[in-house]
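So the sequences go chain by chain: A and B.
Every letter in the first sequence is one number past the one before it in the numbering used here, and letter 15, counting from 1, is 772.
Every letter in the second sequence is one number past the one before it in the numbering used here, and letter 131, counting from 1, is 710.
Note that beta-carbon positions come from the ideal geometry of N, C-alpha and C, so glycine has one too.
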Amino acid sequence: MSDQLSTTFAALADPTRRAILARLASGECSVTELAEPFDMSLPAVSKHLRVLERAGLIARGREAQWRPCRIEAAPLKEVADWTLRYRNLWEQRFNRLDTYLHQMKAKEEKRHGRKQRRK
Amino acid sequence: MVVSSAANSSTFTVTTPSDQEIRMTRLFDAPRRLVFEAMTKPEHVKRWWGQLGDGYSVPVCEIDLRVGGRWRFVNRHPKGEAAFHGEYQEIAPPSRLVFTEIFEEFPDSPSVVTPEFAEEGGKTRMTATVRYPSKEVRDMVMASGMSTGAGISYDRLEDLVAELQRAK
Numbered sequence: 758m759s760d761q762l763s764t765t766f767a768a769l770a771d772p773t774r775r776a777i778l779a780r781l782a783s784g785e786c787s788v789t790e791l792a793e794p795f796d797m798s799l800p801a802v803s804k805h806l807r808v809l810e811r812a813g814l815i816a817r818g819r820e821a822q823w824r825p826c827r828i829e830a831a832p833l834k835e836v837a838d839w840t841l842r843y844r845n846l847w848e849q850r851f852n853r854l855d856t857y858l859h860q861m862k863a864k865e866e867k868r869h870g871r872k873q874r875r876k
Numbered sequence: 580m581v582v583s584s585a586a587n588s589s590t591f592t593v594t595t596p597s598d599q600e601i602r603m604t605r606l607f608d609a610p611r612r613l614v615f616e617a618m619t620k621p622e623h624v625k626r627w628w629g630q631l632g633d634g635y636s637v638p639v640c641e642i643d644l645r646v647g648g649r650w651r652f653v654n655r656h657p658k659g660e661a662a663f664h665g666e667y668q669e670i671a672p673p674s675r676l677v678f679t680e681i682f683e684e685f686p687d688s689p690s691v692v693t694p695e696f697a698e699e700g701g702k703t704r705m706t707a708t709v710r711y712p713s714k715e716v717r718d719m720v721m722a723s724g725m726s727t728g729a730g731i732s733y734d735r736l737e738d739l740v741a742e743l744q745r746a747k
């Protein structure tokens, strides 16, 4: 499972491939259509598609001659699940710590406060 | 009287000092001695670290605060448990701490966390630098939305993931 995740991360670690996925999110299309917005040769685009296909992020039709590409949601769902766990985690932790520090401080002041008057 | 519980939340910043690192800073309204203590004593860590709302608790919180000593925290959450462990590499109260952190679900991706504490007008500024095993892992952590607008353009991916989630 974590191997699949590594493969997915590696495939996503490229802006062209992410752009291809974004384009495919709005519907399947051919390699030629996918290549249009990029200043890139068809073989170069095909190479990116092979990486995405190996990572299971896209599937290519066998039926039609133009072999349309479509996005596969499963690996992305795994990434989303993984990243969701990290979402804002530290910010939430820090907020909790801040609140807790106020309690710690209040307790200390209660314990020592009577001896030493604060300004 | 304590006015607001998250009064300093706007001081939270995230930057990427290198390809493999994320650096977070935040101001805390307490002396650094207390902040250091809150991060290194189980009775305190249990009270804030994994307490992210209803259904959250910290059933395991072990700290052996020595160089080479291990720590292990388990966070019980509404959907299960998440366990983390690591080892202390440097202990310099109240200014600096270095430890490794392994999320047990991804044992091959250990990170090194370095929290540093600086006095700032009676408050404490914590600067926590987290070093990930690769740029890819770091980027995905960034992409998770931990720091919006920190310069990594995973916007399209985020939109895509959001779209897929809406479609579910």
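In the three-state DSSP reduction, ALA707 (chain B) falls in the strand class (E or B). For PHE591 (chain B), the residues of chain A that pass the 9 angstroms Cβ criterion are TRP847, GLU848, PHE851, ASN852, in the order they occur in the chain.
Per DSSP, the continuous alpha helix (DSSP H) segment holding GLU810 (chain A) begins and ends at 799-811. In this structure, VAL614 (chain B) and PHE696 (chain B) form a Cβ contact; the two beta carbons are roughly 6 angstroms apart against a cut-off of 8 angstroms. Rounded to whole angstroms, the separation of the alpha carbons of MET705 (chain B) and LEU644 (chain B) is 19 angstroms. When Cβ pairs closer than 8 angstroms are counted between the two stretches, the region 629-645 of chain B is seen not to touch the region 682-701 of chain B, the count staying below three. In the three-state reduction of the DSSP assignment, SER589 (chain B) falls in the helix class, which pools H, G and I.
Interface criterion met: the Cβ of PHE607 (chain B) is under 9 angstroms from a Cβ in chain A.
A check of alpha carbon separations from TYR711 (chain B) across B:GLY700, B:GLU660, B:THR679 identifies B:THR679 as the nearest. Interface with chain A (9 angstroms Cβ-Cβ cutoff): VAL639 (chain B) is excluded.
About 5 angstroms separates the beta carbons of ASP608 (chain B) and LYS702 (chain B), which is inside the 8 angstroms limit, making them a contact pair.
Rounded to the nearest angstrom, the gap between the Cα atoms of PRO672 (chain B) and TRP650 (chain B) is 17 angstroms. In this structure ALA662 (chain B) is in contact with GLU683 (chain B), their Cβ atoms being roughly 4 angstroms apart against a cut-off of 8 angstroms. Nearest to PRO772 (chain A) by C-alpha distance, out of A:GLN849, A:TRP823, A:VAL802, is A:VAL802. Looking at the backbone, the Cα of CYS640 (chain B) and that of HIS623 (chain B) are separated by about 10 angstroms. Put simply, of B:VAL637, B:ARG675, B:GLU669 the residue whose alpha carbon is nearest the alpha carbon of GLY659 (chain B) is B:VAL637. Judged by DSSP secondary structure, GLU660 (chain B) falls within the beta strand (DSSP E) whose first and last residues are 659-671.
For TRP650 (chain B), no chain A residue has a C-beta closer than 7 angstroms to its own C-beta; the minimum C-beta separation is roughly 15 angstroms. Assignment of THR693 (chain B) by DSSP, reduced to helix, strand and coil, places it in the strand class. By the Cβ criterion, the region 806-814 of chain A is in contact with the region 766-783 of chain A, since at least three pairs of Cβ atoms, one from each stretch, lie closer than 8 angstroms.
In this chain, the beta strand (DSSP E) harbouring ALA816 (chain A) covers 815-817. Contact annotation for PHE795 (chain A) against chain B: no contact, minimum CB-CB distance about 14 angstroms [criterion: below 7 angstroms]. The beta-carbon of VAL646 (chain B) is placed no less than 9 angstroms from the nearest beta-carbon of chain A.
For LEU799 (chain A), the nearest beta carbon of chain B is not closer than 9 angstroms to its own beta carbon. For the pair LEU791 (chain A) and LEU814 (chain A), the CB atoms are not nearer than the 9 angstroms cut-off. Secondary structure of GLU684 (chain B) (DSSP, three-state): coil. Counting every other CB atom within 10 Å of its CB across the protein chains shown gives ARG853 (chain A) a total of 16 or more, marking it as buried.
Listed along chain B, the residues sitting closer than 8 angstroms to LEU858 (chain A) by beta-carbon distance are PHE607, ASP608, ALA609, LEU613, VAL614, ALA617.
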